[in-house]
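Engineer:
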Amino acid sequence: MLPLALLLCLVPLITSAYRYDGLQVPLQLDEQAKPFNKSSFDEAIISFMKTREIPGLSVALTYDDRLIYASAFGYADREEDLLVTTSDRFRLASVSKSITAIAIMRLAEHGVLNLTSRVFGKGSILGSIYSCKTYNEWEKQITIQHLLEHSSGFVNEDMCGEGCDPTYLPETMELNQWDLVRTLLDTYTPSRAPGTFASYSNFAYFILGRVVEASSSSNYSSYVLDEILKPLNITSIQIASDNKTDDDVSYYDFKDANAPYAFHVSRRDSVGAWTASPVDLVKILTSIDGLPGRKDILTPESTKVMFSKSSITNSSYAKGWTVKLNSDLKLIEAAKDGGYPGTNAYWNINFQNKTSYAIVVNREIEKLPKKGFNGGHDLKTLMDNLTHSITEWPVWDLFDS
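Mapped onto mature numbering (1 follows the signal peptide of the UniProt record, and there is no 0), the consecutive letters of the sequence shown carry residue numbers -17 to -1, 1 to 384.
(1) Excluding the 5 residues preceding and the 5 following threonine 305 in the sequence, name in chain order all residues of the same chain whose CB lies nearer than 6 angstroms to its CB.
(2) Let's see if you can read the secondary structure: which residues bound the alpha helix (DSSP H) around glycine 321?
(3) CB-CB under 7 angstroms to alanine 242, same chain, minus the five flanking residues each way: which ones, in chain order?
(4) Whose CA, out of Val138, Ser114, Thr364 and Arg277, lies closest to the CA of leucine 215?
(5) Can you tell me whether DSSP reads glutamine 160 as helix, strand or coil?
(6) With a floor of 4 residues, list each alpha helix (DSSP H) that falls wholly inside the segment 226 to 261, ordered by position along the chain.
(7) How is valine 343 classed by DSSP in three states: helix, strand or coil?
(8) In angstroms, rounded to a whole number, what distance separates the CA positions of proline 149 and aspartate 252?
(9) Between which two residues does the alpha helix (DSSP H) harbouring phenylalanine 189 extend?
(10) Please go through the same chain and pick out, in chain order, the residues whose beta-carbon is closer than 7 angstroms to the beta-carbon of serine 291, but skip the five residues on each side of it.
(11) Going by CA-CA distance only, name the one from Ser41, Ser135, Lys116 and Phe31 that's closest to isoleucine 295.
(12) Counting only the same chain and skipping the five closest in sequence on each side, list residues whose C-beta sits under 8 angstroms from that of cysteine 115.
(13) Bridge partners of aspartate 60, per DSSP?
(14) Over the uninterrupted alpha helix (DSSP H) stretch that includes residue 471, give me the two end residues.
(15) Where do the ends of the beta strand (DSSP E) carrying tryptophan 330 lie?
(16) Which value, in whole angstroms, describes the spacing of the CA atoms of arginine 101 and leucine 274?
(17) Take the Cβ of threonine 68 as the centre, count every other Cβ of all protein chains shown within 10 Å, and call the residue buried at 16 or more, exposed below.
(18) Which word fits glycine 146, buried or exposed, when buried means at least 16 other C-beta atoms lie within 10 angstroms of its C-beta?
(19) Report buried or exposed for glycine 322, applying the criterion of at least 16 other Cβ atoms within 10 angstroms of its Cβ.
(20) Check each candidate in Leu109, Lys123, Pro173 and Gly110 and name the one with the smallest Cα separation from residue 407.
(21) In terms of residue numbering, what span does the alpha helix (DSSP H) encompassing threonine 370 cover?
(22) When the Cα atoms are used, what is the spatial distance from valine 207 to leucine 268?
(23) With the cut-off set at 8 angstroms, would you say isoleucine 29 and valine 42 are in Cβ contact?
(24) What's the gap between the Cα of histidine 360 and the Cα of glutamate 347?
(25) Can you find the residues in the same chain that come closer than 6 angstroms, C-beta to C-beta, to tyrosine 183, ignoring five residues on each side of it along the sequence?
(26) Tell me whether tyrosine 300 sits in a helix, a strand or coil according to DSSP, three-state version.
(27) Quick one: what does DSSP say threonine 150 is sitting in, helix, strand or coil?
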C-alpha cells in the first residue's frame, strides 16, 4: 500500500473515485496482431466496482504463461487514503482450498501418501489421535480423495441443520485447528457412505490440513511455503491475520464494519486463510497449467489427477477445484472462488484458451438477486467477458518487468 500523495505522482487518474496502479504495459505491439485493449479492461473493471460499491480490487491475467495484465484499482484503506497496488495481499477465503489440494498432490508425488489412503482408524494417516471415541465403519472408509472431492459423508445440514456450517459454531470458535477436528469428530458421524454423495465441506479441508502436517512432519503453512511457494520464487503469500494490520488491505462490510475481523480467520489455514496478490496467484496457476512457458510445480500426471472430476453424479468438484468439461469430457477449465465478510476472490485456468487469471476485492459482493449480484460468479463473468473477446494477444510478458 502506498500513500495517496505518492501514488498520484506515479500512476494516472482514472476517475475521481477509482484510481489504479498497473504494471507498465509496453506500447509497441506486433503489427499483425489486434492490439490488446487495456483501456477496455480498465473501464469495465471501474464500472463493475462502481455498480457494486467495491472499495478496492486487484487483478492479474496471463496468456500462454505470460503475464499480460496486472492492475489495481481503488482503495486499500479508505480511512488512511491509501490506494491498492498490485503487490498488496488480499484474503483468499476458499481459494485457499486449491492451494491445499496442490500440497496434497505434492505429498503424493513424493510417495508419502496416496489419494486412496485412509484417514481415520488403525493403520491410517491420522490413526486415532483426533477422536476419543471409536470410529464407525463409514469414518474408517474415508480417504484423502473423499475429502478433496467433498464426498467424505460429512454433510453440513445433517450435522447442525440447514444453512449451518459446523466449523463456525459459536462453541468451536476459540478452538485451534486440531481441537476443532477432534471436537467435530467426537460430536458427529458421516450421514452418507463416503464416495456416494457430494456436499461442500469446510470440515473436510480442516482435516486435509492435518493430513499435510501428519504426512510432512511440518505445520501446514510451512509445508506450503517450503514445498510450493519458494520453488516458484513466491515470498509474499502468507496466512491471514485475524486483526487489521498495516501490511494488509482493509476489509469492508455493507452491514457490519466489524464483521471482517469478528472471526478467527487464521485458524482456517487449509480451508481459507491464505492472503496473496493476484500476480503471485497467477504464478501458481501457470505452474499447474501444463503449458511450457513456466516450470510446473506438479507433474502432468499429478495435475491430470487433481483436475479429474469426481465420479459422483451431478458433482462438478475435482480435487480442490470446480471443473468444466466439454461434450467429449475434455477439461476446459478449473476454478475456485472464495468469500468472507469483507472479501471475494476468484481464480481460473482456461485450458482451451491458454489463459489464467486471479481477481480479488476487499468487500464481499452482496448477494442481491434483483440486481444480479453474486460474489465469485460476478468476478468470473467480468473476467470471462473480457478475455473471451480477445482473438490475438500481445507479445509482452510482465513477469519480466
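Beta carbons are placed, not taken as given, at the ideal position from N, Cα and C, and that holds for glycine.
Structural biologist: Looking at the coordinates:
(1) Counted from its first residue, the sequence shown places residue 305 at position 322. Within the same chain, Cβ atoms closer than 6 angstroms to the Cβ of threonine 305 are found at Ser299 and Ala318, the five residues on either side in sequence being excluded.
(2) Locating residue 321 in the sequence shown gives position 338, where the first residue counts as 1. First-last for glycine 321: 314 to 323, but that is the beta strand (DSSP E), not the alpha helix (DSSP H).
(3) Against the sequence shown, residue 242 aligns to sequence position 259. Hits under 7 angstroms: Asp236, Pro324 and Gly325.
(4) Position 232 of the sequence shown, counting from 1, holds the residue named residue 215. Taking only the C-alpha atoms, the option nearest leucine 215 is Arg277.
(5) Taking the first residue of the sequence shown as position 1, residue 160 is located at position 177. Of the three classes helix, strand and coil, the one that applies to glutamine 160 here is helix, per DSSP.
(6) 252 to 255
(7) Position 360 of the sequence shown, counted from the first residue, corresponds to residue 343. Looking at valine 343 - three-state DSSP - the assignment turns out to be strand.
(8) The sequence position of residue 149 within the sequence shown is 166, counting from 1. The sequence position of residue 252 within the sequence shown is 269, counting from 1. Their Cα atoms are separated by approximately 16 angstroms.
(9) As a first step, residue 189 is located in the sequence shown; it is residue number 206 there, counting from the start. Counting along the chain, the alpha helix (DSSP H) containing phenylalanine 189 begins and ends at 185 to 199.
(10) As a position in the sequence shown, residue 291 is number 308, starting the count at 1. Same-chain partners within the cutoff: Ala301.
(11) Position 312 of the sequence shown, counting from 1, holds the residue named residue 295. That would be Ser135, whose Cα lies nearest to the Cα of isoleucine 295.
(12) Taking the sequence shown and counting its residues from 1, the one referred to as residue 115 is at position 132. Taken in chain order, the residues that qualify are Arg165 and Asp169.
(13) What you label residue 60 is simply residue 77 of the sequence shown in a count that begins at 1. Beta-bridge pairing links aspartate 60 to Leu65.
(14) One cannot answer for residue 471 here, as it falls past the ends of the chain, which runs -17 to 384.
(15) Along the sequence shown, read from residue 1 onward, the residue named residue 330 stands at position 347. It spans 326 to 333 - the beta strand (DSSP E) in which tryptophan 330 sits, taken as one unbroken run.
(16) Taking the first residue of the sequence shown as position 1, residue 101 is located at position 118. Taking the first residue of the sequence shown as position 1, residue 274 is located at position 291. Those two C-alpha atoms are separated by around 33 angstroms.
(17) Your numbering for residue 68 matches position 85 in the sequence shown. Buried, because 16 or more other Cβ atoms sit within 10 Å of the Cβ of threonine 68.
(18) Position 163 of the sequence shown, counted from the first residue, corresponds to residue 146. Classification of glycine 146: exposed, given that the 10 Å Cβ count is below 16.
(19) Counting from one through the sequence shown, the residue named residue 322 turns up at place 339. Buried, by the Cβ-count rule.
(20) Examination of residue 407 is not possible in this model, given that the chain is present from -17 through 384 alone.
(21) Sequence index remark: in the sequence shown, residue 370 carries index 387 (1-based). That run of the alpha helix (DSSP H) goes 358 to 370.
(22) Along the sequence shown, one-based indexing puts residue 207 at 224. Along the sequence shown, one-based indexing puts residue 268 at 285. Cα to Cα, valine 207 sits roughly 15 angstroms from leucine 268.
(23) Against the sequence shown, residue 29 aligns to sequence position 46. Against the sequence shown, residue 42 aligns to sequence position 59. Their beta carbons are not under 8 angstroms apart, which means isoleucine 29 does not touch valine 42 by this criterion.
(24) Translated into positions along the sequence shown, residue 360 becomes position 377. Translated into positions along the sequence shown, residue 347 becomes position 364. Each residue's alpha carbon lies about 12 angstroms from the other.
(25) Here residue 183 is taken as the residue at index 200 of the sequence shown, counted from 1. Cβ neighbours of tyrosine 183 beyond the five flanking positions: His133.
(26) Translated into positions along the sequence shown, residue 300 becomes position 317. DSSP places tyrosine 300 in strand when its eight states are reduced to three.
(27) As a working note, residue 150 is residue 167 in the sequence shown. If DSSP states are grouped into helix, strand and coil, threonine 150 belongs with the helices.
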